[in-house]
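Undergrad: Under the numbering used here, residues 138 to 386 are what the sequence shown spells out, in order. Just so you know, even glycine gets a beta-carbon here, dropped at the ideal spot from N, CA and C.
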Amino acid sequence: MSDFPASPVAARRLHLMRQRWSNLLFAHWPVSPELLRPYLPARLEVDTFEGQAWLGVVPFTMSHIRPLGLPPVPGLSALHELNVRTYATLDGVPGVWFLSLDATQPLGVWAARTLFHLPYLHARISLKETAGTLRAVAERTHRGIAPATFAATWTPGAALPLAQPGTLAYFLTERYNLYTAGADLQQSIRRPELWRGRLWHEPWTLREATLHEWDSTLVESHGLPTPLGPPLLYAADPLDVQVQELRRV
138 MSDFPASPVA ARRLHLMRQR WSNLLFAHWP VSPELLRPYL PARLEVDTFE GQAWLGVVPF
198 TMSHIRPLGL PPVPGLSALH ELNVRTYATL DGVPGVWFLS LDATQPLGVW AARTLFHLPY
258 LHARISLKET AGTLRAVAER THRGIAPATF AATWTPGAAL PLAQPGTLAY FLTERYNLYT
318 AGADLQQSIR RPELWRGRLW HEPWTLREAT LHEWDSTLVE SHGLPTPLGP PLLYAADPLD
378 VQVQELRRV
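#1: Would V82 and L227 be called neighbours here (beta carbons separated by less than 8 Å)?
#2: Would you call P142 buried or exposed, if buried means 16 or more other Cβ atoms sit within 10 Å of its Cβ?
#3: From Q189 to P368, what does the alpha carbon distance come to, in whole angstroms?
#4: If Q242 sits next to L219, beta carbons under 8 Å apart, how far is it from one beta carbon to the other, in whole angstroms?
#5: Three or more beta-carbon pairs under 8 Å between the stretch 284-296 and the stretch 174-184, yes or no?
#6: Using a threshold of 8 Å, state whether the C-beta atoms of A275 and D239 are closer than that.
#7: Which first and last residues belong to the beta strand (DSSP E) in which S159 is found?
#8: Quick test of your reading: T315 and V378, contact by CB under 8 Å. State the CB separation rounded to the nearest angstrom.
#9: Assuming the contact rule is C-beta atoms closer than 8 Å, A300 and T310 should be a hit. Round their C-beta distance to whole Å, please.
#10: Taking Cβ positions, are R157 and V195 nearer each other than 8 Å?
#11: With DSSP collapsed to three states, give me the class of W247.
#12: When DSSP builds the beta bridges, which residues end up paired with A372?
#13: On the premise that W337 lies in contact with L383, defined as a C-beta separation below 8 Å, what is that separation, rounded to the nearest angstrom?
#14: Can you name, in chain order, every residue of its own chain whose Cβ lies under 6 Å from the Cβ of H279, other than the five neighbours on each side?
#15: Between which two residues does the beta strand (DSSP E) harbouring A289 extend?
#16: Name the two residues that bound the continuous beta strand (DSSP E) containing E276.
#17: Should P293 be labelled buried (16 or more other beta-carbon atoms within 10 Å of its own) or exposed?
#18: Between F197 and F308, is the Cβ-Cβ spacing less than 8 Å?
#19: My understanding is that W341 touches A373, with C-beta atoms under 8 Å, so please give their C-beta distance in whole angstroms.
#20: Would the beta-carbon of F163 fall within 8 Å of that of L370?
#21: So, for S200: in the same chain, excluding its five sequence neighbours on each side, which residues have a beta-carbon less than 6 Å away from its beta-carbon?
#22: The beta strand (DSSP E) with Y316 in it runs from where to where?
#23: Could you compute how far the alpha carbon of M138 sits from the alpha carbon of P170?
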């Protein structure tokens with residue numbers, strides 16, 4: 138579970154990067170922890186809620202990207218992203234573990250793989266809003282990686298109450314750390330090295346979401362079975378994010 142709300146001191150930490158996340162949809166399925174165990178390094182524990190692990194697919198737009206002390210760079214300050222994730226803990230500290238992060242900005246993919254050791258992959262992604270309904274379409278283009286496609290259409294609905302500690306919504310969305318072990322997932326799960334990244338942002342404003350279309354091979358591209366049943370959905374309002382630190386643990 139997350140350690141938010143952070144103290145005012147944490148909010149003022151020296152940040153590496155600022156970003157804005159918008160057009161975001163959390164889509165999750167319950168799965169057995171044993172199914173995900175081979176996809177995590179030995180040092181990480183699969184994080185569970187009432188004994189159940191969760192597998193997520195999250196499309197969103199990242200904009201206003203700028204490193205510490207620098208203005209946004211035209212043409213490099215925005216991208217669309219589509220990640221496959223689960224949740225893990227190390228020494229009791231909860232975080233996100235990414236199986237893949239498909240993204241549209243080639244330089245951003247290179248930087249994330251090289252500087253942040255994250256399994257970012259090149260992809261073509263469009264994410265557009267029409268009359269309050271969002272549609273994301275993606276095709277992975279990364280060489281040497283299993284192909285994947287994605288198409289989803291959803292409409293955000295009414296705002297939900299602020300997620301509270303101990304609830305499933307809080308477990309799935311209020312995550313302020315990430316773990317990574319390298320840009321190549323299959324190699325990284327065999328390495329002892331781990332990094333923990335720290336994020337800071339206000340709590341999510343979550344919304345109901347109505348799904349009109351879902352056609353994806355993202356999960357299957359990792360050799361995992363197709364998730365069963367419709368996903369648990371939360372749409373989210375835009376928010377500003379600070380990437381505060383990345384430390385070897």
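TA: In short, the structure shows the following:
#1: The requested residue 82 does not occur in the structure, where the chain is confined to residues 138 to 386.
#2: The predicted position of P142 is uncertain, since its pLDDT is 41 and thus under 50; no value can be drawn from it.
#3: Going by C-alpha positions, Q189 is about 15 Å away from P368.
#4: About 13 Å separates the two Cβ atoms, so there is no contact after all.
#5: No: the two stretches stay apart, fewer than three of their Cβ pairs being nearer than 8 Å.
#6: A contact, by the Cβ cut-off of 8 Å.
#7: Run containing S159: 154-159, per the beta strand (DSSP E) assignment.
#8: One point to set straight first is that residue 315 is Leu, not Thr, in the sequence displayed. The C-beta distance from L315 to V378 rounds to 12 Å, too long to meet the 8 Å contact threshold.
#9: Right, their Cβ atoms sit about 6 Å apart.
#10: Their beta carbons are not under 8 Å apart, which means R157 does not touch V195 by this criterion.
#11: Collapsing the DSSP output to three states places W247 in a helix.
#12: Bridge partners of A372: L162, R344.
#13: About 13 Å separates the CB atoms of L383 and W337; that is not less than 8 Å, and the two are not in contact.
#14: Spatial neighbours of H279 in its own chain (CB-CB distance under 6 Å, excluding positions within 5 residues in sequence) are listed in chain order as L258, H259.
#15: 286-296 is the extent of the beta strand (DSSP E) around A289.
#16: Note, E276: beta strand (DSSP E), 270-277.
#17: Buried: at least 16 other Cβ atoms inside 10 Å.
#18: No, these two residues do not count as a Cβ contact at 8 Å.
#19: Between A373 and W341 the Cβ distance is about 5 Å, and since that is below 8 Å, they are a contact.
#20: Closer than 8 Å, so yes.
#21: R157, A215, listed in sequence order.
#22: Its beta strand (DSSP E) spans residues 314-317.
#23: For M138, the predicted structure reports a pLDDT of 33, less than 50, and the residue's modelled location is therefore unreliable. A value from the coordinates is still provided. If I take the Cα positions, the gap works out to 16 Å.
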